[in-house]
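Participant: Residue numbers (the numbering used here): 4 to 391.
Cβ coordinates follow ideal geometry from the N, Cα and C atoms, glycine included.
Structure (structure tokens):
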């Protein structure tokens, strides 16, 4: 019987090729799985690039969504530049524009514009030259000199702009930091802004969870460009309008906190919304691991450890109600178009170069991105990351 049993035993055994195939398949699957895990753990640039592109595709798949009805943009667009003149405009024109917006009963005005340098008009230069000449000749009495000084003030368009900013609804100024993302250095910001302006531009409630405050993975800056002192003094507050694109050039997030000297500053969007909410307190909680929480009043704004908020884009450019600055200057707005609105003012004209790349568009005005961030916070419509 032995000879007849041997073939039966051989038939019950697996042949060499399938067994070898299964072993190799297991090794291949295990190797690929291990490789993917190591790939993700190392966070190689290619994996981050793929993750960002998937992030963009989600927006395109979702499509456009309507914005909050409370946000309106006033744009220095191409038509405005054709009608009024090339940018930057005279402070006198800007003062008239802001005055028109306030007459339309806007609730809060945020300026995505900076007034860092003085503007000398021909009238002011002539008056100064005349006064210096009369002083040198000593040919006029004190009354004439006082009259000339008064006329100089009237010709000072920077002071006129400051007066308009200080009237009526609160106006929030924009400024920008230099070298954001770099190491924080000891600044001279107090001399540039003043204590009142710093308190109106920074977080007024800072909470530390650790005693050791030396290590803070928070975005810093190497310098700052601010508005003229007399204009800053009349504004209700100020915030930076820095945007930092990803390595592929697309703006996907906004830093909600920048450390500069002893203070932590908030962006233009957040300070504007703070005044829209009747000066709701701005709070930030920090630990040695970074930003734990950012609050506007009782509302929590989700951010990563660096204080960055991922932007939940609503759609391509044009999703917000937008009025041309030239139309506002002419007084031809629809009734109640700006009444009780949160109004952002800035440039969208192509030649001014405040254009960014977003998941929806290769050409998007920075003003629209600021409006999108406002919309996200106002409606609590956030993108939550796993860390949050």
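Which two residues bound the contiguous beta strand (DSSP E) that contains residue 266?
Facilitator: 266–268 is the extent of the beta strand (DSSP E) around residue 266.
Participant: Does the beta-carbon distance from residue 172 to residue 110 come in below 7 Å?
Facilitator: Yes, the pair counts as a contact, with Cβ atoms nearer than the cut-off.
Participant: Would you mind giving the Cβ-Cβ distance between residue 87 and residue 96, rounded to the nearest angstrom? I have them listed as a contact below 8 Å.
Facilitator: Contact holds; Cβ gap of about 6 Å.
Participant: So, helix, strand or coil for residue 374, using DSSP?
Facilitator: Helix.
Participant: Excluding sequence positions up to five away, which residues of its chain have a Cβ less than 7 Å from the Cβ of residue 70?
Facilitator: Only 317, 322, 323 and 378 meet the Cβ criterion.
Participant: Taking 8 Å as the threshold, find out whether the segment 288–308 comes into contact with the segment 224–234 through three or more Cβ pairs.
Facilitator: With a cut-off of 8 Å, the segment 224–234 and the segment 288–308 do not count as touching, because too few Cβ pairs lie within range.
Participant: If you draw a straight line from the alpha carbon of residue 190 to that of residue 244, how long is it in whole angstroms?
Facilitator: In this predicted model, residue 190 has a pLDDT of only 47, less than 50, meaning its place in the structure is not dependable enough to derive any value.
Participant: Return the residue from the list 203, 198 and 116 that minimises the CA-CA distance to residue 164.
Facilitator: That would be 116, whose Cα lies nearest to the Cα of residue 164.
Participant: Only counting the same chain, and skipping five residues up and downstream in sequence, which positions put a Cβ closer than 8 Å to that of residue 334?
Facilitator: Excluding residues within five positions, the ones whose Cβ falls inside 8 Å are 103.
Participant: Report yes if the C-beta distance between residue 331 and residue 253 is below 7 Å; otherwise report no.
Facilitator: No; because the gap between Cβ atoms is not below 7 Å, this pair is not in contact.
Participant: Of the residues 121, 205, 74 and 222, which one's Cα is nearest the Cα of residue 161?
Facilitator: Ranking 121, 205, 74 and 222 by Cα distance to residue 161 puts 121 first.
Participant: For residue 37 versus residue 348, is the C-beta distance shorter than 7 Å?
Facilitator: Cβ atoms of residue 37 and residue 348: not closer than 7 Å.
Participant: Can you tell me where the alpha helix (DSSP H) with residue 281 in it begins and where it stops?
Facilitator: Element bounds for residue 281: n/a, residue is neither H nor E.
Participant: In chain order, what residues of the same chain lie with their CB nearer than 6 Å to the CB of residue 371, ignoring the 5 residues before and after it?
Facilitator: The answer, listed in chain order, is 320.
Participant: Please state whether the Cβ-Cβ distance between residue 79 and residue 352 is less than 7 Å.
Facilitator: Yes, they are a contact pair.
Participant: First and last residue of the beta strand (DSSP E) that includes residue 258?
Facilitator: Unbroken beta strand (DSSP E) run through residue 258: 256–258.
Participant: If residue 208 sits next to residue 286, beta carbons under 8 Å apart, how far is it from one beta carbon to the other, in whole angstroms?
Facilitator: Contact holds; Cβ gap of about 4 Å.
Participant: Compare the beta carbon distance of residue 222 and residue 181 with 7 Å and say whether it is the shorter of the two.
Facilitator: Taking 7 Å as the Cβ cut-off, residue 222 and residue 181 do not qualify as a contacting pair.
Participant: Going by the CB atoms, is the gap between residue 213 and residue 290 shorter than 7 Å?
Facilitator: Result yes, Cβ atoms of residue 290 and residue 213 sit closer than 7 Å.
Participant: Can you tell me which of the three DSSP states residue 354 falls into?
Facilitator: Helix at residue 354.
Participant: DSSP on residue 309, reduced to helix/strand/coil?
Facilitator: In this structure, residue 309 counts as coil in the three-state DSSP scheme.
Participant: If you count every other CB in all the chains shown that lies within 10 Å of the CB of residue 387, and 16 or more means buried, which is it?
Facilitator: With fewer than 16 Cβ atoms within 10 Å of its Cβ, residue 387 is classed as exposed.
Participant: Would you say residue 241 and residue 202 are within 7 Å of each other, going by their C-beta atoms?
Facilitator: Contact: no.
Participant: Let me confirm a value: residue 250 is counted as buried when at least 16 other C-beta atoms fall within 10 Å, else exposed. Which label applies?
Facilitator: With fewer than 16 Cβ atoms within 10 Å of its Cβ, residue 250 is classed as exposed.
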